[in-house]
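So the structure is just underneath, and the comments pick up after that.
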Amino acid sequence: MTDRYAVLGNPVAHSKSPAIHAAFAAQTGQKLRYERIEAPLAGFIETVADFFAMGGAGCNVTVPFKEEAFRFANLLTERAEQAGAVNTLWLDDEGVTGDNTDGVGLVRDLRRHLALAGRRVLLLGAGGAARGAIGALLAERPAALVVANRSADKAALLAERFAALGPIRGCGYEDLAGEPFDLVVNATSASLAGAALPLPASLWRPETVAYDMMYGRGLTPFLEQARAGGAGPLLDGLGMLVEQAAEAFFLWRGARPDTAPVLADLRAGL
Ligand code: NDP
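So the sequence shown is numbered by our numbering: it starts at 104 and just counts up by one.
Quick look at the structure:
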């Protein structure tokens, strides 16, 4: 029987995961089925339990269910524990395991463009995406990781939670004045609403890499803001999307797909 996988979210109709996993499967010669499942907002647990009861082998979980997926899993990987959120689940003899591949996906995509060791990194936002990224960013040994958020208290709490893993500090946007960074990662959902972030001009230098986890055709509002501020390379989160999927595919199938052609095809289709 062909193994069955899915992405669960709400909404989920826009998800590119089925196309990405179909491309990985074709590339590695694997037989699998991957579908979209829209879970009701108040019905994630029933939907995911039903998916596994009906023979599902593994699934990805997207907005807004990553925290519920964390609670649903019988076993958690260390990086899922750290993030407090799960985007990848699979069933084996021990039950359902939950992992978080967002952070490693971000870092693998970033490595195409710069080495993070010794760099000053600014992470904007303190929601689920930021939580998923911090452990993986600190593992790259940056000189400093500053987490800045609209609600500064949330950033401070995150910094406290990850303090044992490396040099991290949390603050509000107003506390960033006068501090230049080598890399600025936008993990807020402000770009979705077309909102600009109140960032000081001193943030940007011509060599500063600006990275928006959001993606789309053309520059996101955050990347427009970075460009206007004089930042250097402007990168969006399409590569992160493909890399987090590749890590999930590896966990499920034991095969590592070549992400570059899949990313190029997705980019061309935007
Ligand atoms: P959450 O809802 O958990 O967090 C949202 C964050 O954005 C909070 O820090 C919030 O601040 C901040 N925020 C929202 N609106 C504004 C605004 N107008 N001005 C300033 N800050 C704002 O969302 P997620 O963390 O799950 O997702 C964040 C982004 O990352 C989304 O755009 C998502 O699509 C993207 N993402 C991309 C992935 C990829 O593979 N490329 C993977 C995962 C996420 P506050 O705490 O003050 O409310």
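Yeah, the Cβ is synthetic: ideal placement off N, Cα and C, and Gly gets one too.
Would you list the one or two residues that DSSP bridges to T131?
-> Secondary-structure assignment with DSSP links T131 through no beta bridge to anything.
G201 versus R223: straight-line alpha-carbon distance, rounded = In this structure, the straight-line span from the alpha carbon of G201 to that of R223 is close to 31 Å.
By a C-beta neighbour count over all protein chains shown, 10 Å radius and 16 as the cutoff for buried, is E346 buried or exposed?
-> Burial of E346 is indicated by the presence of at least 16 other C-beta atoms within 10 angstroms of its C-beta.
Going along the chain, which unbroken runs of the beta strand (DSSP E) with 3 or more residues stay wholly within the stretch 151–219?
-> Secondary structure in the stretch 151–219: the beta strand (DSSP E) runs of 3 residues or longer, each lying completely within the stretch, are 161–164, 191–195 and 198–202 in chain order.
Sheet register partners of L227 (DSSP bridge) | Beta-bridge pairing by DSSP links L227 to A251 and N289.
Nonlocal neighbours in the same chain, by C-beta distance under 6 Å from D106, ignoring five residues either side = Annotation for D106: L135 and A160 place their beta carbon closer than 6 Å to its own, counting only its chain and skipping 5 residues before and after.
Mind reading off the beta-carbon distance from L306 to V288? Whole number of angstroms is fine, and I expect it under 8 Å.
-> For L306 against V288, the beta-carbon gap comes to about 12 Å, at or over 8 Å, which does not count as contact.
Through-space distance from A129 to K257, alpha-carbon basis | Whole-angstrom Cα-Cα distance: 42 Å.
L337: beta carbon under 7 Å from a heavy atom of the ligand NDP?
-> L337 has its Cβ no nearer than 7 Å to any heavy atom of the ligand NDP.
Closer than 7 Å by C-beta to G281: which residues in its own chain qualify, once you throw out the five before and the five after it? Chain order, please.
-> Non-local C-beta neighbours of G281 in its own chain, meaning closer than 7 Å and more than five positions away in sequence, comprise S305, ordered along the chain.
Can you find a heavy atom of the ligand NDP that lies under 7 Å from the Cβ of G231?
-> Flag set: Cβ of G231 near the ligand NDP.
Sorry if obvious, but does the Cβ on R253 come closer than 7 Å to a heavy atom of the ligand NDP?
-> At least one heavy atom of the ligand NDP sits closer than 7 Å to the Cβ of R253.
Reduced DSSP category for G273 - H, G, I as helix; E, B as strand; rest coil = DSSP places G273 in strand when its eight states are reduced to three.
Endpoints, alpha helix (DSSP H) assigned at V345 | Note, V345: alpha helix (DSSP H), L341 to R356.
Distance between L240 and G206 (C-alpha atoms, nearest Å) = The C-alpha of L240 is placed about 7 Å away from the C-alpha of G206.
With 16 as the cutoff for other CB atoms within 10 Å, does N177 come out buried or exposed?
-> Counting other Cβ atoms within 10 Å of its Cβ, N177 stays below 16 and is therefore classed as exposed.
Report whether the distance from the Cβ of D278 to the nearest heavy atom of the ligand NDP is below 7 Å.
-> Not one heavy atom of the ligand NDP lies closer than 7 Å to the C-beta of D278.
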